[in-house]
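Take any residue in the sequence shown, note its place counting from 1, add 38, and you have its number in our numbering.
Virtual Cβ for every residue (Gly too), placed ideally from N, Cα, C.
Remarks on the structure that follows.
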Amino acid sequence: MIYLFYKVDQTLLYPIPYLEANYLVDMENQRKKGEDTLSFPGIKKRKSFSPLTNKKSAVEQKNFRLSDAFFKQLVDSLEDYCVFTTDIEGIISSWNSGAQKLLGYSEKEIIGKNAEIIFTPEDRKLKTPQLELNEAKSKGRGLNERWHVRKNKTRFWGSGLVFPLKDENKKLQGFTKIMRDLTERKNYISELETEKKKLINIFENAPAFFVIFRGKDHVFEIVNNAYYQLVGDRDLIGKPLIKAIPEVKGQGIIEALNHVLNTGKMMRGNEIAGKVQCIAGGPLEEKFVNFIYQPLTNHKGSIEGVIAHGYDVTEQVLARREVEETGNRFHTLVDNIPNLVWMADESGSIFWYNSGWYRYTGTTSEQMEGWGWQSVHDPNTLPEVLVKWRLSIASGEPFEMVFPLKGADGVFRPFLTRVIPIQDNEGKIFRWFGTNTDITKQKELERLKDDFLGMTSHELKTPVTVIKAYAQLLEDFFRSKGDNEAADRCSKMHIQVNKLTGLIEDLLDVTKIQSGKMNFNNTYFDFNELVKEVLEQLSSIAPNHRIEVHFHKTKKVFADRKRLRQVVTNFITNAIKYSPHADKIILKTKAAKADITLSVRDFGMGISKDNQENVFEKFYRVTGNQKNTFPGLGLGLYISAEIIKCMGGKIWVESKEGQGSIFYFAIPTVEDKKGE
Ligand code: ADP
């Protein structure tokens, strides 16, 4: 800290001493009050200026101190301060080195110019330079902070003082201005302002609510937007909580605030329910909040209020409750349905079973973990189940199969098992949802039905065979008598009885398949020959269709000739039956290394993609309005498929709705041991 002067007592010829005088009056006053005087960090300490330490004679010193050179040097040494003087009109009359450094003008080029030159055009327009001088004149000093312009047109934030300069008669002679460049500080302050604004913005718009309650009445002092959203738009600031939000009464909020205020202990609450009237005059709405109440202390450490901040978690709580409720409903449902229900992860590992599963199997969750379910499977069917299940997991296709499951009583019962994949939003499988339905009763009913069918068809077979024989006899009798009309009628009866026999035989076959009693009398024969035989037999029943035949030289097969004829007949009669508006059928045989394939193509109604896999099922028939157009029981393809399966072959169909179908079967060939 450097005291520039103690006192000035010279005549006021040169303007600088005026400035000095004014400053020093202030400094003197401050010094007397024990305060620090104005300091000028840019000036170097010059002990030689001290009247007490100078060794020169007092007269010499006094003369020097009163000289222009002395003051010029002094003012020039204020390098960090711009100091200049003007006359009454504002024309610059002196210019120190600090002014040159700050504003860029040399003393020579600025003296005689109006001080307006260092003001911004905006300030000049507002007559600020003149107003500044007027203020200094009337008040004895003018304090100002504003933007100024350098010689190179750049701007800086100047902070300074303007003083009037008076002669010994107190007559105004001009002005002096002292100024510092405080641009950095100005920038720093404006940065601080910006930061402050940002912080206020963050606070105002923070998702968390924030309130400062002051005093024992919990008067709202600061409230952010999130809090207004929680309690509705109402007048809060400056009001006690109970007056601003009367519905808080009896909800424990005031009690909690009192507790924090009285004990100084922080309070925390999670998902605390409260009722608030969000709309004036509206109903009370239930809200849930997570909050923290903290004591607000002053600099002496005494508690003056409470800071409350937290989150409105109403939506989350309600959403979770909904999920919990849905979960409860789901569990109640799945635990009370007769089906066994379970869920597996994407890898097929089962992680949850309903209580029905545990009830039926008598197992525990520990035993069932992962792939533990295998223990309740029949070892005979388990390998097939595993193959199919793994295939589904790999392909993402639903699983469906009937297999037995062992009950807690040790009895195996048949279950229809269906498993569907569950996909996430991106279509990725993340769960498998499975149900096992006990079909013991259905199976039993099916067995009873099969038994009934078996029994009735068996019972029907004998009388129908007898009728067939008599019809033949009668026809022969009438023909021998020359009564052709009666003979033709008998022939028609014979044809119908043949159809009836065919239906009865189909039903009997189903019974045989069902009970595993279908017998095969295998012999070696030429496959093409067999097909030719069937074609000959059917030639009369398809007068409108031309059958185009492509025989590939086939090997002999070792199979049941009658049964195979049954399959070929079924393919050709279906092709005729289901292409009533077409006139062509293409039949092909093809021999490969290990098997023979027969295909029958028609150009009829075809089968939709969805139905193609059903046509080999028992009793499956054309659905829709064509159901009654085509006679049949829906057993032909089922029996054919069973026959081909038993022969170790394969049966399939390719079809396009409205364009026709191609039915195929392939059976293995074997070496002709008899050398035929
Ligand atoms: P049925 O002919 O007595 O109904 P099938 O078992 O032979 O019984 O055939 C089952 C079903 O398959 C038929 O009802 C029909 O819907 C369909 N189907 C069979 N062959 C063809 C074919 N060539 N073209 C179109 N649909 C067919």
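query: Leaving out the 5 sequence neighbours to the left and right, which residues in its chain are closer than 7 Å to W15 when beta-carbon positions are compared?; result: Residue 15 cannot be examined here, being either before or after the span of the chain that is shown, 39 to 714.
query: Tell me, please, which residues DSSP counts as bridged to M406.; result: According to DSSP, which records beta bridges pairwise, M406 is partnered with nothing at all.
query: Is D640 near the ligand ADP, judged by its Cβ being under 8 Å from some heavy atom?; result: yes
query: Give a single yes or no on whether S637 has its beta carbon closer than 8 Å to a heavy atom of the ligand ADP.; result: no
query: What distance in whole Å lies between the Cβ atoms of I156 and V113, which are believed to be in contact at a cut-off of 8 Å?; result: Incorrect: roughly 17 Å between the Cβ atoms, too far for contact.
query: Between the region 251-269 and the region 338-347, do three or more beta carbon pairs fall short of 8 Å?; result: yes
query: I'd like the list of long-range same chain contacts for K654, defined as Cβ closer than 7 Å, with 5 residues on each side in sequence excluded.; result: In the sequence as displayed, the identity of residue 654 is Phe instead of Lys. Excluding positions up to five away in sequence, the list reads L675, Y676, A679 and I689.
query: Nearest to N559 by alpha carbon, out of L279, F213 and I681?; result: I681
query: Drop a sphere of 10 angstroms on the beta-carbon of D416, count the other beta-carbons inside from all chains shown, and report buried for 16 or more, exposed for fewer.; result: exposed
query: Measure the CB-CB distance between T475 and R456 and report whether it falls below 9 Å.; result: yes
query: Under the assumption that V200 contacts E170 (Cβ atoms under 8 Å), give the Cβ distance between them as a whole number of angstroms.; result: 5 Å
query: Excluding the 5 residues preceding and the 5 following K94 in the sequence, name in chain order all residues of the same chain whose CB lies nearer than 6 Å to its CB.; result: Note that K94 scores 49 on pLDDT, short of 50, meaning its location in the model is unreliable; the coordinates nonetheless yield the value given after this. If we look at K94 and ignore the five residues flanking it on each side, it has no Cβ neighbours.
query: Tell me whether K338 is buried or exposed, calling it buried when 16 or more other Cβ atoms sit within 10 Å of its Cβ.; result: exposed
query: Using a 10 Å radius around the Cβ and a threshold of 16 neighbouring Cβ atoms, would you call M304 buried or exposed?; result: exposed
query: Report the rounded CA-to-CA distance for K234 versus S228, giving the unit in angstroms.; result: 9 Å
query: Kindly identify the DSSP beta-bridge partner or partners of S637.; result: K626 and Y702
query: Applying the criterion that 16 or more other CB atoms from any shown protein chain within 10 Å of the CB defines a buried residue, is Y616 buried or exposed?; result: buried
query: Can you list, in chain order, the residues of its chain with a C-beta nearer than 6 Å to that of V63? Leave out the 5 residues immediately preceding and following it.; result: Because the pLDDT of V63 is 40, which lies under 50, any placement of that residue in the model is unreliable, and the number read from its coordinates should be weighed accordingly. Within the same chain, V63 has no close Cβ partners at all.
query: Between the Cα of P167 and those of D526, F213, I551 and L636, spot the shortest distance and give me the residue it belongs to.; result: F213
query: Return the chain-ordered list of same chain residues with a C-beta closer than 6 Å to the C-beta of L268, the five sequence neighbours on each side being excluded.; result: F247 and D350
query: With H, G and I counted as helix, E and B as strand and the rest as coil, what does DSSP make of L471?; result: A quick correction: the sequence has Phe, not Leu, at residue 471. Of the three classes helix, strand and coil, the one that applies to F471 here is strand, per DSSP.
query: In angstroms with no decimal places, state the Cα-to-Cα distance between T419 and K683.; result: 18 Å
query: On a CA-only basis, which of I705, L429 and I130 is nearest I148? Give me that one, please.; result: I130
query: With respect to 8 Å, is the separation between the Cβ of Y616 and the closest non-hydrogen atom of the ligand ADP below this value?; result: yes
query: Would you mind listing the alpha helix (DSSP H) stretches within the region 296-379 that are 4+ residues and don't spill past its ends, in chain order?; result: 352-374
query: Take the Cβ of D493 as the centre, count every other Cβ of all protein chains shown within 10 Å, and call the residue buried at 16 or more, exposed below.; result: Per the sequence shown, residue 493 should be read as Met rather than Asp. So M493 counts as exposed.
query: Confirm, please, whether the CB-CB distance from Q552 to R659 is below 9 Å.; result: no
query: Give the list of continuous alpha helix (DSSP H) stretches no shorter than 4 residues that lie fully inside the region 255-290.; result: 263-269 and 279-282
query: Look up K594 in the DSSP assignment and say whether it is helix, strand or coil.; result: strand
query: Which residue wins for smallest C-alpha separation from N608, given the options H588, V569 and V587?; result: V569
query: Could you tell me whether the region 389-407 touches the region 368-379, using the rule of 3 or more Cβ pairs below 8 Å?; result: yes
query: Can you name, in chain order, every residue of its own chain whose Cβ lies under 6 Å from the Cβ of F241, other than the five neighbours on each side?; result: N262
query: With contact counted as at least three CB pairs below 8 Å, one residue from each stretch, are the region 501-520 and the region 533-550 in contact?; result: yes
query: Decide if V449 is buried, meaning its Cβ has at least 16 other Cβ atoms within 10 Å, or exposed.; result: exposed
query: Would you kindly work out how many angstroms separate the C-alpha atoms of G320 and G365, rounded to a whole number?; result: 33 Å
query: Could you name the residues that DSSP lists as bridge partners for Q461?; result: I467
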